[in-house]
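Residue numbers (this note's numbering), protein chains in the order written: chain A, 380 to 496; chain B, 46 to 157.
What follows is a short report on a single structure.
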Amino acid sequence: GAVVSQHPSWVICKSGTSVKIECRSLDFQATTMFWYRQFPKQSLMLMATSNEGSKATYEQGVEKDKFLINHASLTLSTLTVTSAHPEDSSFYICSAAVQGWANTEAFFGQGTRLTVV
Amino acid sequence: GQQLNQSPQSMFIQEGEDVSMNCTSSSIFNTWLWYKQDPGEGPVLLIALYKAGELTSNGRLTAQFGITRKDSFLNISASIPSDVGIYFCAGATGAGSYQLTFGKGTKLSVIP
Numbered sequence: 380g381a382v383v384s385q386h387p388s389w390v391i392c393k394s395g396t397s398v399k400i401e402c403r404s405l406d407f408q409a410t411t412m413f414w415y416r417q418f419p420k421q422s423l424m425l426m427a428t429s430n431e432g433s434k435a436t437y438e439q440g441v442e443k444d445k446f447l448i449n450h451a452s453l454t455l456s457t458l459t460v461t462s463a464h465p466e467d468s469s470f471y472i473c474s475a476a477v478q479g480w481a482n483t484e485a486f487f488g489q490g491t492r493l494t495v496v
Numbered sequence: 046g047q048q049l050n051q052s053p054q055s056m057f058i059q060e061g062e063d064v065s066m067n068c069t070s071s072s073i074f075n076t077w078l079w080y081k082q083d084p085g086e087g088p089v090l091l092i093a094l095y096k097a098g099e100l101t102s103n104g105r106l107t108a109q110f111g112i113t114r115k116d117s118f119l120n121i122s123a124s125i126p127s128d129v130g131i132y133f134c135a136g137a138t139g140a141g142s143y144q145l146t147f148g149k150g151t152k153l154s155v156i157p
């Protein structure tokens, strides 16, 4: 399957600082990437849909000024958690849809464990 | 919004036993996907289903896309310890949208 790389795998930051998470499609171009948040022992919750060259679409209840998404190229989307607080601590996962394939397949990055202290 | 009901929530089985889990929805999906997630990792795609009634295998895994397009099941035969993890079903409506709706997951524990 297609490879999606997420960086960093884990990060610890101080409250009030900002953290950037990168999501790269390594062997394919992705016009659409998705950002999820996962709490312990729970399913994946879609935060936003990232479209290359346009503004991201945020799910209801997700603050767009808090979670900044930039999809500057067909292989890279970034999520920046601004002014992070302890309640932002979570597992963040991105996925990318394979462009040009007839069927829907989404491949996931390995996730980023964010801890805000 | 769309919701997927996945069951069972968790299961403990003996190594060598077969496993079955399923997902149901109140609305139609055009694609069903099954993922496995290990702790601290992202989900890994196991099987993708695109046609109603489709039955697909991947090694010891078999999944089916329900005729009504509102359900799917995943079977694992002859379980082994490395099958341990959380299994998620996911549905997509298609029509140019790659957005997935996830079930709540089935946590599988295999007793050696």
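Each residue gets a CB set at the ideal place from its N, CA and C atoms; glycine is no exception.
- Message: So residue 90 of chain B contacts chain A; which residues on that side make the cut at Cβ distance below 9 Å?
- Response: Residues of chain A passing the Cβ test: 380, 484, 485, 486 and 487.
- Simplified DSSP state of residue 116 of chain B, which is helix, strand or coil: Assignment of residue 116 of chain B by DSSP, reduced to helix, strand and coil, places it in the strand class.
- Give the residues of chain B in contact with residue 428 of chain A, contact being defined as C-beta atoms less than 7 Å apart. Ordered by position in chain B, the residues that pass the 7 Å Cβ test against residue 428 of chain A are 144.
- Task: With a floor of 3 residues, list each beta strand (DSSP E) that falls wholly inside the segment 83-109 of chain B, ordered by position along the chain.
- Result: As for any beta strand (DSSP E) of minimum length 3 sitting wholly inside the segment 83-109 of chain B, the runs are 89-94 and 100-103, ordered along the chain.
- Query: Roughly how many angstroms separate the alpha carbons of residue 395 of chain A and residue 421 of chain A, rounded to a whole number?
  - Reply: Those two C-alpha atoms are separated by around 26 Å.
- Runs of beta strand (DSSP E) wholly within the segment 428-481 of chain A (minimum 3 residues, chain order): Correct list: 446-452, 455-460 and 469-476.
- Message: Nearest by alpha-carbon distance to residue 156 of chain B: which of B/53, B/51, B/63 and B/98 is it?
- Response: Residue 156 of chain B has its Cα closest to that of B/63, out of B/53, B/51, B/63 and B/98.
- Query: Does residue 104 of chain B come within less than 7 Å of chain A when only Cβ atoms are used?
  - Reply: No, residue 104 of chain B does not count as interfacial toward chain A.
- Message: Which residues in chain A have a C-beta closer than 9 Å to the C-beta of residue 149 of chain B? List them in chain order.
- Response: Scanning chain A for C-beta atoms nearer than 9 Å to the C-beta of residue 149 of chain B yields 421 and 422, reported in chain order.
- Message: Counting C-beta neighbours from all protein chains within 10 Å, is the total for residue 88 of chain B 16 or more, i.e. buried, or is it exposed?
- Response: It counts as buried.
- Task: Pull out every residue of the segment 437-470 of chain A whose Cβ sits closer than 7 Å to any Cβ of chain B, in chain order.
- Result: For the segment 437-470 of chain A, there are no residues whose beta carbon sits under 7 Å from a beta carbon of chain B.
- Show which residues of chain B have a CB atom less than 7 Å away from the CB atom of residue 400 of chain A. Chain B residues near residue 400 of chain A: none, gap ~12 Å exceeds 7 Å.
- Task: Identify the contact partners of residue 492 of chain A in chain B, using a Cβ-Cβ distance below 8 Å as the criterion.
- Result: Within chain B, the residues whose beta carbon sits less than 8 Å from that of residue 492 of chain A are 85, listed in sequence order.
- Message: For a contact defined as C-beta to C-beta under 8 Å, what are the partners of residue 472 of chain A on chain B?
- Response: What residue 472 of chain A touches in chain B: 87 and 88.
- Query: If we cut at 7 Å on Cβ distances, does residue 93 of chain B have a partner in chain A?
  - Reply: With 7 Å as the cut-off, residue 93 of chain B counts as an interface residue toward chain A.
- Please list the partners that residue 133 of chain B has in chain A, where partner means a Cβ-to-Cβ separation under 8 Å. Neighbours of residue 133 of chain B on chain A, chain order: 422 and 423.
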